[in-house]
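J.: Mind having a look at this structure? Questions to follow.
Residue numbers (this note's numbering): 1 to 404.
Structure representation (structure tokens):
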């Protein structure tokens with residue numbers, strides 16, 4: 001049974017995951033209000049989040065390294081305080097440059113969470129697939145709440161409040177974590193090897209897996225980033241009825257999509273624990289690819305149901321992918337390993353933002369974006385079939401790096 005400090009650590013990490021996605025996904029809904037208030041086009045305004053998205057990925061690797069070498073709890077405290085302050089600063093911006101600067105700071109501090117917070121869970125909890133499933137559920141809840149919070153605060157107050165109030169909440173949690181750390185109420189997590197399969201992978205298996213996962217994770221990251229950023233505008237264009245829904249209605253629909261899926265994340269984690277991890281990973285992309293091509297054509301409310309299915313299948317891949325990465329990463333390098341992942345899934349895949357701006361600016365819609373995402377899903381599926389079998393890793397050929 002996991003210790004009380006370990007469960008408290010998971011609680012802080014889970015809340016941090018919700019806040020991470022909530023804060024980073026406020027802007028794609030807020031931008032619908034700024035189009036009217038600032039009199040600028042969607043393509044121009046959505047591009048302001050590019051620097052933040054790039055930093056969100058690039059800063060993940062040094063953040064994971066610092067978490068490994070300094071302190072997981074300390075880095076998480078910096079994360080809460082930094083993202084909170086950056087969100088408040090974004091809400092106080094008076095120009096596009098100020099807005100872009102605030103979003104860049106939000107991405108920089110937000111980059112801390114995934115490599116540090118997820119490594120904290122992997123090190124602290126015994127049933128790692130289930131623990132990552134719960135962690136993923138909280139992340140999905142954050143994705144669901146981001147557009148809802150943004151839409152509600154824009155509707156009832158102002159777009160500035162949509163950034164300022166969640167920022168204050170994040171800083172308050174950071175102060176609580178500092179107090180719990182000082183009082184010894186949360187654990188740091190040990191550095192024991194993560195149990196991702198039945199044996200310890202050889203060096204060749206580690207290298208092969210990391211190369212292939214680099215491709216699949218990048219493809220999946222571009223799909224995730226593009227889908228979450230464009231979804232409010234997609235619903236406004238295809239379901240919005242000429243603007244009748246407004247930011248609150250659009251945010252509610254986006255939130256419904258992610259909430260419907262997020263609540264099942266612990267079950268996805270249990271699947272990753274009980275079934276062959278590669279099979280779960282492959283199944284997700286087998287379902288995702290045709291769904292993306294179909295979404296390119298749908299204009300009716302059937303699109304809403306399909307979007308739930310698309311998020312369901314992409315979410316199914318999450319715990320399996322994280323468990324595979326944990327299996328092929330030495331225990332004391334968990335933070336750095338997750339940092340490398342998120343450089344790819346959040347940094348390199350930030351190309352999704354200018355891609356959205358360009359496609360929408362050139363065509364006025366998202367048809368070709370869905371086609372491109374479908375092609376990326378096929379590439380990821382091919383990579384998933386080339387992964388070594390983590391259920392039958394060879395203990396006789398243990399590599400020193402894999403056995404640490």
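Positions of the beta carbon are idealized from the N, C-alpha and C atoms, including for glycine.
As the structure is a computational prediction, the values presented were derived from the model and not from experiment.
#1: For residue 33, which residues from the same chain have a beta carbon less than 6 Å from its beta carbon, with the 5 sequence-adjacent residues on both sides left out?
#2: Just to confirm, is the Cβ distance from residue 113 to residue 16 under 8 Å?
#3: Check residue 397 in the structure and name its three-state DSSP category.
#4: Would you give the residue range spanned by the alpha helix (DSSP H) that residue 38 belongs to?
#5: So residue 316 packs on residue 284, CB below 8 Å; how close in whole Å?
#6: Determine the direct distance from the alpha carbon of residue 382 to that of residue 288, and round the result to whole angstroms.
#7: Let's see if you can read the secondary structure: which residues bound the alpha helix (DSSP H) around residue 328?
#8: With 16 other CB atoms within 10 Å as the buried threshold, where does residue 194 fall?
#9: Buried or exposed, going by whether 16 or more other CB atoms sit within 10 Å of the CB of residue 279?
#10: Looking only at its chain, what residues have a beta carbon closer than 7 Å to the beta carbon of residue 359, apart from the 5 residues adjacent to it on each side?
#11: Among residues of its own chain, excluding the 5 on either side of residue 361, which ones have a beta-carbon nearer than 6 Å to its beta-carbon?
#12: Among residues of its own chain, excluding the 5 on either side of residue 12, which ones have a beta-carbon nearer than 6 Å to its beta-carbon?
#13: What three-state label does DSSP hand residue 250 in the structure shown?
#14: Any idea if residue 252 is buried or exposed, counting beta-carbon neighbours within 10 angstroms, 16 or more meaning buried?
#15: What's the C-alpha gap between residue 149 and residue 22?
#16: Exposed or buried, what is residue 305 when buried is set at 16 or more other beta-carbons lying within 10 Å of its beta-carbon?
#17: Can you confirm whether the region 42-56 touches the region 135-152 when touching is taken to mean that 3 or more C-beta pairs between the two stretches lie within less than 8 Å?
#18: Under 8 Å by Cβ, that's how I've got residue 102 and residue 111 pegged, so tell me the actual separation to the nearest angstrom.
#19: Cα-Cα, which of 14, 19 and 56 is closest to residue 343?
#20: Please name the residue in 364, 182 and 286 whose C-alpha comes closest to that of residue 238.
#21: Rounded to whole angstroms, what's the CA-CA distance from residue 386 to residue 210? Just pull it up for me.
#22: Output the residue ranges of the alpha helix (DSSP H) runs that lie fully inside the region 346-394 and measure 4 residues or longer, sorted by chain position.
#23: Relative to the C-alpha of residue 131, which candidate in 298, 7, 60 and 290 has its C-alpha closest?
#24: Enumerate in chain order the residues of its own chain whose CB-to-CB distance from residue 78 is below 6 Å, with the five nearest sequence positions on each side excluded.
#25: May I have the straight-line CA-CA distance separating residue 184 from residue 216, to the nearest angstrom?
#26: Quick check on the DSSP output: the alpha helix (DSSP H) that includes residue 94 runs from which residue to which?
#27: Excluding the five sequence neighbours on either side, which residues of its own chain have a C-beta within less than 6 Å of the C-beta of residue 93, listed in chain order?
T.: Let me lay it out:
#1: Within the same chain, 154, 159 and 247 come within 6 Å of residue 33 by CB-CB distance, once the 5 residues on both sides are set aside.
#2: In this structure, residue 16 lies closer than 8 Å to residue 113 by Cβ.
#3: Note that residue 397 has pLDDT 38, beneath the 50 cutoff, so the model's placement of it is unreliable and no number is given.
#4: Annotation for residue 38: the continuous alpha helix (DSSP H) segment containing it runs 27-38.
#5: Contact between residue 316 and residue 284 is confirmed by a C-beta separation of about 4 Å, below the 8 Å threshold.
#6: In a straight line, the C-alpha of residue 288 is about 13 Å away from that of residue 382.
#7: Counting along the chain, residue 328 sits inside no alpha helix (DSSP H), nor does DSSP assign it H or E at all.
#8: Here the model assigns residue 194 a pLDDT of 45, short of 50, so the residue's position is not dependable, and the following value carries that caveat. Buried: at least 16 other Cβ atoms inside 10 Å.
#9: Exposed is the label assigned to residue 279, since fewer than 16 other Cβ atoms lie within 10 Å of its Cβ.
#10: Within the same chain, 366, 368 and 369 come within 7 Å of residue 359 by CB-CB distance, once the 5 residues on both sides are set aside.
#11: Closer than 6 Å at Cβ, skipping near neighbours: 43.
#12: The beta carbon of residue 12 sits closer than 6 Å to those of 177, all from its chain and outside the five residues before and after it, given in chain order.
#13: Reduced to three states, the DSSP call for residue 250 is helix.
#14: It counts as buried.
#15: Taking the Cα positions, residue 149 is about 8 Å away from residue 22.
#16: Label assigned to residue 305: exposed.
#17: No contact exists between the region 135-152 and the region 42-56.
#18: Between residue 102 and residue 111 a beta carbon distance of about 15 Å is seen, past the 8 Å cut, so the two are scored as non-contacting.
#19: Of the candidates 14, 19 and 56, the residue whose Cα lies closest to the Cα of residue 343 is 56.
#20: If you compare the alpha carbons of 364, 182 and 286 with that of residue 238, the shortest gap goes to 364.
#21: The straight-line gap separating the alpha-carbon atoms of residue 386 and residue 210 is approximately 11 Å.
#22: DSSP runs (the alpha helix (DSSP H)) wholly in the region 346-394: 352-363 and 367-386.
#23: Comparing Cα-Cα distances from residue 131 to each of 298, 7, 60 and 290, the minimum goes to 7.
#24: Excluding residues within five positions, none has a Cβ falling inside 6 Å.
#25: Rounded to whole angstroms, the gap between the alpha carbons of residue 184 and residue 216 is 39 Å.
#26: Looking at the DSSP string, residue 94 is not in any alpha helix (DSSP H), and its letter there is neither H nor E.
#27: Within the same chain, residue 93 has close Cβ partners 99 and 102.
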